[in-house]
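Down below is the structure, laid out as structure tokens.
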Ligand SMILES: C[S@@+](CC[C@H](N)C(=O)[O-])C[C@H]1O[C@@H](n2cnc3c(N)ncnc32)[C@H](O)[C@@H]1O
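Numbering (the working numbering), first residue to last: 1099 to 1384.
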């Protein structure tokens, strides 16, 4: 197959991706577009990338090639306990505080937005089980959402290969919370029961979201331009309880973009609280 993409087709794919996912692809990513779209084109029976892009152009957003194209162009890099410090901050500060605040309702709700294949959601579920036995009779809901159907399917299965479980996951947790199936490791059902994975495109209208105690939206805003980041961060504020916490990726910031948010340093990480709600001054949080 001729995998070189013309200037016009490359520009079309970049605009199409940006309009449908907000992911900004710059000129240096031409090679990435070619290598990721080549198998999609081939699997759909197109002889050249040019024929494939022509079909995408005439089908538009509602055609079956649209979802596959966006899916192929998302970067789904993730791993268990990614960056470590946010999980440490949850364990040391945020969860103990929320246990105190929510003890009447005995419920805790967490949103892992742009969750990729689910490692973040399962990391939180394992940390809660491991460190907070008091939560055993609480209603714990960890919702993972993503735009890509491929990664959501994997997240729902909770099935990971050896390389994936070697990335970030302590051996003790592998033994406790996974069962081996052939060459793969599968999250045990009782842990899976705390999670739910749903399709959600952050730039399309959002369904009504219950207010969450914690929102993690990490390593996705970097792909968006500043206006899209601002809109998403504003909407996030209305999905978080007044007493809740927002976590972003290490290279991302909420307070510098959108004034709904105050930053708060929790040991070696930064989290965000709603600016309409005063910063907590208990438990050494400041
Ligand atoms: C690099 S991964 C980050 C995964 C995880 N949050 C982490 O930090 O490890 C980025 C994820 O964002 C998702 N994504 C990209 N654009 C999106 C959009 N418009 N709406 C929802 N998810 C999106 C991709 O499918 C991908 O799984």
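Backbone N, C-alpha and C define an ideal beta-carbon position, used for all residues, glycine too.
Any 3 or more C-beta pairs closer than 8 Å across the region 1299-1319 and the region 1203-1217: As far as the Cβ criterion goes, the region 1299-1319 touches the region 1203-1217, which means the pair count is three or higher.
Residue environment, residue 1207, which counts as buried when at least 16 other CB atoms sit within 10 Å: Counting from 1 along the chain shown, the entry for residue 1207 is found at position 109. Buried.
Strand pairing of residue 1046, partner residues [DSSP]: Because the chain spans 1099 through 1384 in this model, residue 1046 falls outside it and cannot be assessed.
Assigned secondary structure, residue 1267 (DSSP; H/G/I helix, E/B strand, else coil): Counting from one through the chain shown, the residue named residue 1267 turns up at place 169. Correct three-state label for residue 1267: coil.
C-alpha gap between residue 1232 and residue 1348, whole angstroms: For the purposes of this step, residue 1232 is taken as the residue at position 134 of the chain shown. For the purposes of this step, residue 1348 is taken as the residue at position 250 of the chain shown. Near 30 Å, if we compare the C-alpha coordinates of residue 1348 and residue 1232.
Buried/exposed call for residue 1292, threshold 16 Cβ in 10 Å: To locate residue 1292, count along the chain shown from 1; it is residue 194. It counts as buried.
Residue 1241 - DSSP class collapsed to helix/strand/coil: Mapped onto the chain shown, residue 1241 falls at position 143. In the structure shown, residue 1241 sits in a strand (DSSP, three-state: E or B).
Minimum C-alpha distance to residue 1303 - residue among 1324, 1334, 1286 and 1131: Locating residue 1303 in the chain shown gives position 205, where the first residue counts as 1. Cα-wise, what sits closest to residue 1303 is 1334.
Bridge partner(s) assigned by DSSP for residue 1205: Walking along the chain shown from the start, residue 1205 turns up at place 107. 1237, per the DSSP bridge assignment.
Backbone CA spacing between residue 1101 and residue 1344 [nearest angstrom]: Within the chain shown, numbered from 1, the residue matching residue 1101 stands at position 3. Within the chain shown, numbered from 1, the residue matching residue 1344 stands at position 246. Taking the straight line from one Cα to the other gives about 41 Å.
Closer than 8 Å to chain B by CB, residue 1202: The question asks about chain B, but that chain is absent: this structure has only one protein chain.
Buried or exposed (CB count within 10 angstroms, at least 16 for buried), residue 1260: By 1-based counting over the chain shown, the position of residue 1260 is 162. Classification for residue 1260: exposed.
Burial state of residue 1202, where buried means 16 or more other Cβ atoms lie within 10 Å: On the chain shown, residue 1202 is found 104 positions in, with the first residue counted as 1. By the neighbour-count rule (16 or more Cβ atoms within 10 Å), residue 1202 is not buried but exposed.
Counted within 10 angstroms of its Cβ, other Cβ atoms place residue 1384 as buried (16 or more) or exposed: For the purposes of this step, residue 1384 is taken as the residue at position 286 of the chain shown. Any reading at residue 1384 needs caution, since the residue's pLDDT is 36, under 50, leaving its predicted position unreliable; the model's value is listed next. Looking at its Cβ environment, which holds fewer than 16 other Cβ atoms inside 10 Å, residue 1384 is exposed.
Any non-hydrogen atom of ligand 1 closer than 7 Å to residue 1337 Cβ: The residue you call residue 1337 lines up with position 239 of the chain shown. Flag unset: Cβ of residue 1337 not near ligand 1.
Residue closest to residue 1118, alpha-carbon to alpha-carbon, out of 1239, 1158 and 1127: For the purposes of this step, residue 1118 is taken as residue 20 along the chain shown, with counting starting at 1. Checking every option, the nearest Cα to that of residue 1118 belongs to 1158.
Boundaries of the beta strand (DSSP E) in which residue 1113 is found, first to last residue: One-based indexing of the chain shown puts residue 1113 at position 15. Run containing residue 1113: none in the beta strand (DSSP E); it sits in the alpha helix (DSSP H), 1105-1119.
Spatial neighbours of residue 1141 in its chain, beta-carbon cut-off 6 Å, leaving aside the 5 residues before and after: Translated into positions along the chain shown, residue 1141 becomes position 43. Closer than 6 Å at Cβ, skipping near neighbours: no residue.
Cβ-Cβ distance between residue 1215 and residue 1269 below 8 Å: To locate residue 1215, count along the chain shown from 1; it is residue 117. To locate residue 1269, count along the chain shown from 1; it is residue 171. No, the pair does not count as a contact, with Cβ atoms beyond the cut-off.
Those residues which DSSP pairs with residue 1132 across a bridge: Position 34 of the chain shown holds residue 1132. Answer by DSSP bridge pairing: none, since residue 1132 is not bridged.
Residue 1362 - containing beta strand (DSSP E), residue span: On the chain shown, position 264 is the one that residue 1362 refers to. Taken as a continuous stretch (DSSP letters only), the beta strand (DSSP E) holding residue 1362 covers 1359-1364.
Per-residue DSSP class, three states only, for residue 1380: Walking along the chain shown from the start, residue 1380 turns up at place 282. The predicted model places residue 1380 with a pLDDT of 44, which falls under 50 and marks its position as unreliable; any figure quoted below should be read in that light. Here residue 1380 sits in coil by DSSP.
Three-state secondary structure assigned by DSSP to residue 1276: Residue numbering aside, residue 1276 sits at position 178 when the chain shown is read from its first letter. Note: residue 1276 maps to strand in three-state DSSP.
Residue range of the unbroken alpha helix (DSSP H) whose run includes residue 1220: For this step, residue 1220 is matched to residue 122 along the chain shown. Segment 1217-1229, the alpha helix (DSSP H) holding residue 1220.
Range covered by the alpha helix (DSSP H) that runs through residue 1195: Position 97 of the chain shown, counted from the first residue, corresponds to residue 1195. From DSSP, the alpha helix (DSSP H) with residue 1195 extends over 1193-1199.
Residue 1310 beta carbon less than 8 Å from that of residue 1337: Locating residue 1337 in the chain shown gives position 239, counting from the first residue. Locating residue 1310 in the chain shown gives position 212, counting from the first residue. Cβ atoms of residue 1337 and residue 1310: closer than 8 Å.
Residue 1180 beta carbon near ligand 1 (any heavy atom closer than 7 Å): Locating residue 1180 in the chain shown gives position 82, where the first residue counts as 1. Under cutoff, so the answer is yes.
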